[in-house]
C-alpha cells in the first residue's frame with residue numbers, strides 16, 4: 056500500500072502536518088507512516104561524558120511510545136497507520152525513507168525556526184525537495200484550516216507542470232475536490248511602452264493562456280487566466296475560490312545551500328497561508 060510519510064520529532068510544530076497528511080492519505084486511499092529520527096553525534100556525546108547507549112535506549116523508548124500514541128489517534132480517520140524510529144543523520148534518514156517504493160508523498164511542517172532535532176525545518180524541507188524523489192506537502196505554521204477543499208494548480212506552459220497536474224487529478228479523482236487550473240500573464244516587459252501596445256500585449260498573452268488551458272483542462276475542471284505578479288495572483292485566487300491546497304511543479308534547479316524552485320514557486324511556498332504540494336518532474 057502507498058503511504059504518506061510524516062516526519063515527527065515530538066514537537067507540536069511538527070504535528071501541524073498531521074491533519075493535511077490525513078486528508079491526502081484519504082484522498083489517495085493510502086496509509087500513513089510516521090517516522091522519527093534520533094541523531095547520534097558520538098564525538099559530541101563522548102565529550103559531554105554522556106552514555107550514548109543508555110541515552111539512545113531511553114530516547115527510542117520515548118519515541119516509540121510517542122509515535123504509537125499519535126498513530127492511535129490517526130487510525131480513527133486512516134486505518135493503516137504505522138511508525139518507525141530511525142537513527143543517524145536526520146536529513147539523510149528522511150531522504151532514505153522518502154525514497155522507499157511505498158512512499159507516495161512526504162508531509163512536513165515548516166516555519167524556518169522550529170526544526171527537527173535542532174535542524175531548521177526549512178533546511179530539512181529544502182533537502183527533501185532538492186532530492187526530487189517524491190512530492191512534498193509543505194505545511195506553513197499558520198495554515199488556514201478553513202481554506203476550503205479546492206485544489207489549485209498554477210501552470211506556466213512547461214512540461215514540468217504536467218507532473219503537478221497529474222498528481223492533482225489523482226487527489227481530485229478519489230476525494231472529489233474541485234480542481235482549478237490557472238495561468239498567470241504579466242504584460243510588463245520591464246521597460247516603458249505605449250499604453251495601446253501594453254493593451255495589445257496583454258490581450259495576446261490572455262488569448263494564448265486561454266488557448267493553452269483549453270488544451271490541457273478536462274470538462275470538470277475550472278480554468279482562469281490571471282493578470283499581475285504571479286505570487287499575488289495565485290494566492291489571491293486560492294483565497295477567493297476556497298482552494299485549500301496549491302500544487303506546484305518543481306523544475307529541479309538547485310543551489311549549493313537551498314532549493315531553487317524559481318522565484319515564483321519559492322515565494323508561494325514561503326508566503327502561503329495554506330499547504331503547498333511541490334511535485335518534481337517525473338514524479
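Numbering (my numbering), first residue to last: 56 to 338. From the three backbone atoms N, C-alpha and C, an ideal C-beta is built for every residue, glycine too. Being a predicted model, the structure only gives us computed values, none of them experimental.
For this session: Excluding the 5 residues preceding and the 5 following residue 148 in the sequence, name in chain order all residues of the same chain whose CB lies nearer than 7 Å to its CB.
Result: 92 and 141
Exercise. Using the rule of at least 16 other Cβ atoms within 10 Å of the residue's Cβ for burial, across every protein chain shown, is residue 229 buried or exposed?
Worked result: exposed
Problem set entry | Ranges of the alpha helix (DSSP H) found wholly within the stretch 255-319, counting only runs of at least 4 | 285-295
Problem set entry | Neighbour-count burial assignment, residue 180, 16 or more Cβ in a 10 Å radius | buried
For this session: Pull up the DSSP beta-bridge partners for residue 158, would you.
Result: 58
Exercise. Which residues in the same chain have their Cβ closer than 7 Å to the Cβ of residue 193, if we skip the five residues on either side of it in sequence?
Worked result: 163, 165, 180, 324, 330, 331 and 333
For this session: Within 10 angstroms of the Cβ of residue 128, are there 16 or more other Cβ atoms? Answer buried if so, exposed if not.
Result: exposed
Exercise. When DSSP labels each residue in this structure, what does residue 225 get in the three-state scheme?
Worked result: helix
Problem set entry | Distance CB(residue 159)-CB(residue 81) smaller than 8 Å | no
Problem set entry | Pair within 8 Å by beta-carbon distance, residue 187 and residue 62 | no
Problem set entry | Residue closest to residue 64, alpha-carbon to alpha-carbon, out of 265, 225, 138 and 197 | 138
Problem set entry | C-beta atoms of residue 39 and residue 302 nearer than 8 Å | The requested residue 39 is not part of the displayed model; the chain covers only 56 to 338.
Exercise. Since residue 191 and residue 152 are thought to touch, with beta carbons under 8 Å apart, how far apart are those beta carbons, to the nearest angstrom?
Worked result: Wrong, their Cβ atoms sit about 12 Å apart, outside the cutoff.
For this session: Output the distance between the C-alpha atoms of residue 74 and residue 241, rounded to the nearest integer angstrom.
Result: 35 Å
Exercise. In terms of alpha-carbon separation, which member of 304, 250, 126 and 267 lies closest to residue 77?
Worked result: 126
Exercise. To the nearest angstrom, how far is it from the Cα of residue 156 to the Cα of residue 269?
Worked result: 35 Å
Exercise. Sorted by chain position, which residues of the same chain lie with C-beta nearer than 7 Å to residue 67's C-beta, five sequence neighbours on each side aside?
Worked result: none
Exercise. Excluding five sequence neighbours on each side, which residues of the same chain lie with their C-beta closer than 6 Å to the C-beta of residue 59?
Worked result: 76, 79, 80, 85, 87, 160 and 162
For this session: Could you give the DSSP three-state label for residue 323: helix, strand or coil?
Result: helix
For this session: Tell me, please, which residues DSSP counts as bridged to residue 138.
Result: 89
For this session: Could you give the DSSP three-state label for residue 168: helix, strand or coil?
Result: For residue 168, the predicted model reports a pLDDT of 45, less than 50, meaning its position is unreliable and no value from the coordinates is stated.
Problem set entry | Local Cβ density within 10 Å of residue 182, reported as buried at 16 or more and exposed below that | buried
Exercise. Less than 8 Å separating the beta-carbons of residue 328 and residue 209?
Worked result: no
For this session: Could you tell me how far apart the beta carbons of residue 280 and residue 264 are, in whole angstroms, since I believe they sit closer than 8 Å?
Result: 4 Å
For this session: Taking the CB atoms as reference points, tell me whether residue 267 and residue 212 lie closer together than 8 Å.
Result: yes
Exercise. Name the DSSP beta bridge partners of residue 235, please?
Worked result: 207 and 277
Exercise. Counting along the chain, where does the alpha helix (DSSP H) carrying residue 73 start and finish?
Worked result: 73-83
Problem set entry | Reduced DSSP category for residue 133 - H, G, I as helix; E, B as strand; rest coil | coil
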